[in-house]
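Trainee:
What follows is the structure, given as structure tokens:
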């Protein structure tokens, strides 16, 4: 449960970084288990001493058990550090990969905050619908759906090929068209077509 929560927290942190400026899912770091053979935990002499002097004998047994567990843990620390470093490097590569393959979305998010909100909303939806997906797969599907919603079909088709075939695609975010009245005084609405579409989309999503 703790490992699952940690993985979800890492994925959410990556999603949050998509607009502030994937990756093959790494296996969870293997936490070493401290195993003590019950047959060697208490010697025959200590078993007899427990009957005559339980207090001192028990302290000796507990001290030995603690020391053994501590030594085993210290031996495994280098492997844990190496695993954590590799995991961080993989996550960094995921961010760089998304930025390089989706530079148009990143630039659009910088210019129009609504695009950033749309990316986060879509990524959260994809992750919630497919909790077993890798971070890379979540990012790929997010890019496909966002481009589809923004009608950036040319690059959407290119990225969509990377998504595993045979899966049922998550439904794209609906984009109902709303009728807007002309501004008072007969002034022309100077918003671009993309801005209008995003405003309508955000209204329909209540964001």
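In my numbering, the protein residues as written are 11 to 217. Using N, Cα and C, we set each Cβ at its ideal position, and we do this for glycine too.
Does the Cβ-Cβ distance between residue 125 and residue 118 come in under 8 Å?
Mentor: For residue 125 and residue 118, yes; Cβs fall inside 8 Å.
Trainee: Since residue 88 is in the alpha helix (DSSP H), which residue starts that stretch and which ends it?
Mentor: Run containing residue 88: 64 to 111, per the alpha helix (DSSP H) assignment.
Trainee: Please classify residue 157: is it buried, with 16 or more other beta-carbons within 10 angstroms of its beta-carbon, or exposed?
Mentor: Buried, because 16 or more other Cβ atoms sit within 10 Å of the Cβ of residue 157.
Trainee: Rounded to whole angstroms, how far is the Cβ of residue 129 from the Cβ of residue 152, which I believe are closer than 8 Å?
Mentor: So it is a contact: roughly 7 Å between Cβ atoms.
Trainee: Which whole-angstrom value is the C-beta distance of residue 137 and residue 148, which I expect to be below 8 Å?
Mentor: So it is a contact: roughly 5 Å between Cβ atoms.
Trainee: Looking at the structure shown, is residue 189 part of a helix, part of a strand, or coil, going by DSSP?
Mentor: Residue confidence is low: residue 189 scores 49 on pLDDT, short of 50, so the model does not pin down where it sits. Its coordinate-derived value is still stated next. Coil, per DSSP.
Trainee: What residue range does the alpha helix (DSSP H) around residue 135 cover?
Mentor: Unbroken alpha helix (DSSP H) run through residue 135: 123 to 139.
Trainee: Does DSSP put residue 115 in a helix, in a strand, or in coil?
Mentor: DSSP places residue 115 in helix when its eight states are reduced to three.
Trainee: Taking the beta carbon of residue 116 as the centre, do at least 16 other beta carbons fall within 10 Å, making it buried, or is it exposed?
Mentor: Its Cβ being crowded by 16 or more others within 10 Å, residue 116 is buried.
Trainee: Under the assumption that residue 75 contacts residue 90 (Cβ atoms under 8 Å), give the Cβ distance between them as a whole number of angstroms.
Mentor: Not confirmed; about 22 Å, so no contact.
Trainee: In whole angstroms, what is the alpha-carbon distance linking residue 83 and residue 77?
Mentor: Distance between the alpha carbons of residue 83 and residue 77: 10 Å.
Trainee: Decide if residue 113 is buried, meaning its Cβ has at least 16 other Cβ atoms within 10 Å, or exposed.
Mentor: Burial call: exposed.
Trainee: Which word fits residue 104, buried or exposed, when buried means at least 16 other C-beta atoms lie within 10 angstroms of its C-beta?
Mentor: Label assigned to residue 104: buried.
Trainee: Here's the rule I'm using: 16 or more other beta-carbon atoms within 10 Å means buried, otherwise exposed. How should residue 61 be labelled?
Mentor: Under this definition residue 61 is an exposed residue.
Trainee: Let me confirm a value: residue 72 is counted as buried when at least 16 other C-beta atoms fall within 10 Å, else exposed. Which label applies?
Mentor: By the neighbour-count rule (16 or more Cβ atoms within 10 Å), residue 72 is not buried but exposed.
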